[in-house]
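Take a look at the structure below.
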Amino acid sequence: MNVSESEIKKFADAAHGWWDADGEFRTLHQINPLRLDWIGAHVAVDGMRVLDIGCGGGLLAEALALRGAAVTGIDLAEKSLKVARLHALETGVKVEYRHVAAEALADEQPCSFDIVCCMEMLEHVPRPAEIVEAAGRLVRPGGWVFFSTINRNPKSFALAIVAAEYLLRLVPRGTHAYEAFIRPSELAAWCRAAGLDVVEFKGLEMRIPNLQPHLSDNVDVNYFLACRRAAASGA
67 MNVSESEIKK FADAAHGWWD ADGEFRTLHQ INPLRLDWIG AHVAVDGMRV LDIGCGGGLL
127 AEALALRGAA VTGIDLAEKS LKVARLHALE TGVKVEYRHV AAEALADEQP CSFDIVCCME
187 MLEHVPRPAE IVEAAGRLVR PGGWVFFSTI NRNPKSFALA IVAAEYLLRL VPRGTHAYEA
247 FIRPSELAAW CRAAGLDVVE FKGLEMRIPN LQPHLSDNVD VNYFLACRRA AASGA
């Protein structure tokens, strides 16, 4: 399977803290409204069938469901899924969570989703291009696919690893590996190979000095990518 056991263990060990807004995943809590609004700026999610690949504890999945989407969240970290299911029960938010790989789900349910999200996940798998290919198969013609990941260059090493993990402690040490970062040109090429049209890149930066996240046109470090699968002929 396209999975790193060390990454699964890392997220399993931290799974209890998914919904602690001041804990290890506080940065994800901070950026969740931004990424939700960015998705919503491209497509209205109300009534849409949405897939969240690498859903973790369900932060984005629940937020999308609260906006009226029918959401399926998938992950290979079972402890994270248990936390996601428990939180959904506590809040009453309806999300379907499954322990299944994106590639396997693409074989099972091709062209089944209006929107596919894969956020902060590609840099944690051995073969990210295969996840992109699976996302291209999972989305219906005319549907949207949204990614977020980290660029690979000296600046991203300095900010996403040295600063974020060691100096500011925004995320735990060892969260990221520099060699797993992905250049925008690489991600765009994988998307095109998967039959997806590149629509928009957007950067995610932290404002100094309060470290509040905001969107920008600078994709040097963290960035989003919106893609769309071409509509079927005659649609």
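Numbering (our numbering), first residue to last: 67 to 301. We put the beta carbon where it would ideally sit given N, CA and C, even for glycine.
Query raised in the report: Taking just the CA atoms, how far does Leu277 sit from Leu142?
Result: 31 Å
Query - For Glu186, the three-state DSSP class (helix, strand or coil) - result: coil
Query - Cβ neighbours of Gly123 in the same chain (closer than 8 Å, five flanking residues each side left out) - result: Ala81, Trp84, Trp85, Phe91, Ser146, Val149, Ala150 and His153
Query raised in the report: With burial defined as no fewer than 16 other Cβ atoms inside 10 Å of the residue's Cβ, what is the status of Met185: buried or exposed?
Result: buried
Requested in this report: Take the Cβ of Ser214 as the centre, count every other Cβ of all protein chains shown within 10 Å, and call the residue buried at 16 or more, exposed below.
Outcome: buried
**Report entry** Within the stretch 109-190, ranges of the beta strand (DSSP E) (whole runs, at least 3 residues)
**Finding:** 115-119, 136-140, 161-164 and 179-185
Query raised in the report: Is Leu130 buried or exposed, if buried means 16 or more other CB atoms sit within 10 Å of its CB?
Result: buried
**Report entry** Cβ-based burial, Met67 [other Cβ within 10 Å; buried from 16]
**Finding:** exposed
Query raised in the report: So the alpha helix (DSSP H) Leu204 belongs to, where does it begin and stop?
Result: Pro194 to Leu204
Requested in this report: Output the distance between the C-alpha atoms of Arg273 and His280, rounded to the nearest integer angstrom.
Outcome: 7 Å
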